[in-house]
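Residues -21 to -1, 1 to 369 (mature numbering (1 follows the signal peptide of the UniProt record, and there is no 0)) are what the sequence shown spells out, left to right. Heads up, the beta-carbon is just placed ideally off N, CA and C, and yes, glycines get one too.
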Amino acid sequence: MGVRKLLRFLWVISVVLLIEAFSGSGSVRLKSVAMNPPPLGICASSVRKHGYKCEEVDVTTEDGYILSVQRIPVGRGGAVGGGRKRQPVLLQHGVLVDGMTWLLNPPEQSLALILADNGYDVWIANTRGTSFSRRHVSLDPDRPVRIMLHIRFHSVEFWDWTWDEIVSRDLPAVIAFISQQTSQKIHYVGHSLGTLIALASLSEGKQLDKLKSAALLSPIAYLSHMTTALGVLAAKVFVGEYLVWLSSIQKGKNCCLNASTVDVFLRNEPQSTSTKNLVHLAQTVRDGVLAKYDYGNPAFNMEHYGQPRPPIYNISNIPRNFPLFMSYGGQDALSDPKDVATLLDDLKLHEEGKLSVQYIKDYAHADFIMGVTAKDVVYDKIISFFRRNQ
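Have a look at this one:
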């Protein structure tokens, strides 16, 4: 069942992107690729059943998207530390997945619950377009526009965004809400696209007044290297690197997954995103630079940016004293070690002691969020990093 579902998804996404490439339409929804999203929400399905308190929160962005956020305010044992204030941590997932990715393993192996048990106030983000963030104050994500090759295309208005809007709208809204609720600076953890979002935001000097540090797992800023010839070919045209990763979860090089975790993953993922977002990711692969969305025409770019080419996110602009932790794997088909080396070169002037880097030779992309050894190998180091930067 899992293999069939994944193959169907890969076929659908390929056809949709081909159609969109030639039709010129900028945004659609990939319909119902996740078989059984939890009907009662993430708290009920994946947190409370383990004995943890969990709150479902809605955060509305400036452009009207209603985002689902989960809060785990205390560990399973309740308040610790004599009532001391627990520092907030925001977990940001990658593309084609949602906040469930932090809760796929048992409590003692899932980062969200490990952080709660270690005294942190944990917040889980779900970006626009995912199962529980497919809402808007006025736009309908399911309003059909057209049907082609038995694929239903949905509201262009609702799906007219890329990760640029996640950087400029979703992330600020969620961080502002957490800051308002806790009156504290926030530790950030991102995986995959969640790292790109943070790097782009920090490079523009945003959120620095509200963030305490950032831990980036499988960091992505450059996507020029792939581990297979097929992956390179696909990435040059569309977003083959994500298809390679999704496929590798079922049969790839991830060292430390178990069958039950993969089964949970395939019941909930992959999630919807906009075609425009996938095209933007493809531009990142094709062009080898981290830039805002390219409208494909100097006149259109001038209209949006006041210049003929999209503005670049300059990673070297990240303040040199901002604490960063990066962990990457030698078997990762997305966050390739050569691309991470390029990213680290952008950060070569970072202050000593403010940039911590971990290389794990046998880890691939999914191991950082689903690996049964990730607690000992990665998560304990994240907690140590946070404690050094309280």
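Tell me the residue span of the alpha helix (DSSP H) that contains residue i.
i      : result
HIS259 : 254 to 266
GLY173 : 172 to 182
VAL76  : Counting along the chain, VAL76 falls outside any alpha helix (DSSP H), and DSSP gives it neither H nor E.
SER251 : Unbroken run through SER251: none, as it is neither H nor E.
GLN186 : Note, GLN186: premise wrong, no alpha helix (DSSP H); not H, not E.
PHE279 : 277 to 284
PRO85  : First-last for PRO85: undefined, no H or E at that position.
ILE154 : 150 to 161
ARG367 : 359 to 367
ASP346 : 346 to 349
LEU326 : Run containing LEU326: none; DSSP gives neither H nor E here.
Could you tell me which of the options sits nearest to residue i, measuring between CA atoms?
i      : options                        : result
GLN310 : ALA179, LEU90, ALA343, MET349  : ALA343
LEU196 : ASP341, SER314, GLY54          : SER314
GLU183 : GLY108, ASN293, ILE362, LEU82  : ASN293
ARG366 : LEU150, LYS189, CYS33, ALA193  : ALA193
GLN189 : ILE165, ARG122, LEU202         : Residue identity differs from the one stated: residue 189 is Lys in this sequence, not Gln. Closest by alpha carbon: ILE165.
GLY98  : TYR31, LEU257, ARG107          : TYR31
ILE291 : ALA312, LYS317, ILE297, VAL268 : VAL268
PRO120 : SER251, THR40, LEU257          : SER251
ARG55  : ASP325, PRO316, ALA91          : ALA91
MET349 : THR80, GLY43, SER306           : THR80
VAL116 : TYR358, GLN159, ILE45          : ILE45
THR40  : ARG114, ALA345, LEU178         : ARG114
HIS329 : MET305, SER253, ASP355         : MET305
ALA312 : TYR167, PHE111, LEU202, LYS185 : LEU202
Starting from residue i, follow its DSSP beta bridges and name the residues at the other end.
i      : result
MET305 : LEU195, VAL336
ASP100 : PRO67
ILE291 : ALA270
ILE165 : LEU190
HIS115 : TYR44
GLY57  : GLY54
Determine the extent of the beta strand (DSSP E) in which residue i is found, giving its start and end residues.
i     : result
LEU46 : 44 to 51
GLU35 : 34 to 39
Compare the C-beta of residue i against all C-beta atoms of chain D and say whether one is closer than 9 Å.
i      : result
GLN163 : The structure shown has no chain D; it contains just one protein chain.
Quick one: measure Cβ to Cβ for residue i and residue j, integer angstroms, because I've assumed they're closer than 8 Å.
i           : j      : result
PHE156      : VAL38  : 5 Å
VAL146      : ILE176 : 5 Å
THR174      : PRO67  : Wrong, their Cβ atoms sit about 19 Å apart, outside the cutoff.
ILE199      : LEU172 : 7 Å
LYS191      : ASN300 : Actually they do not touch by this definition, with Cβ atoms about 12 Å apart.
SER25       : LEU82  : 4 Å
residue 389 : LYS327 : Outside the shown range of the chain (-21 to 369) lies residue 389, about which nothing can therefore be said.
ALA353      : GLN88  : 7 Å
ASN280      : PRO287 : 5 Å
THR141      : HIS259 : 4 Å
ASP77       : ASN105 : 5 Å
PHE111      : ILE21  : 7 Å
GLU136      : LEU150 : Actually they are not in contact, since the Cβ atoms of GLU136 and LEU150 sit about 21 Å apart, beyond 8 Å.
The segment 326 to 341 / the segment 265 to 274 touching (three or more Cβ pairs under 8 Å): No: the two stretches stay apart, fewer than three of their Cβ pairs being nearer than 8 Å.
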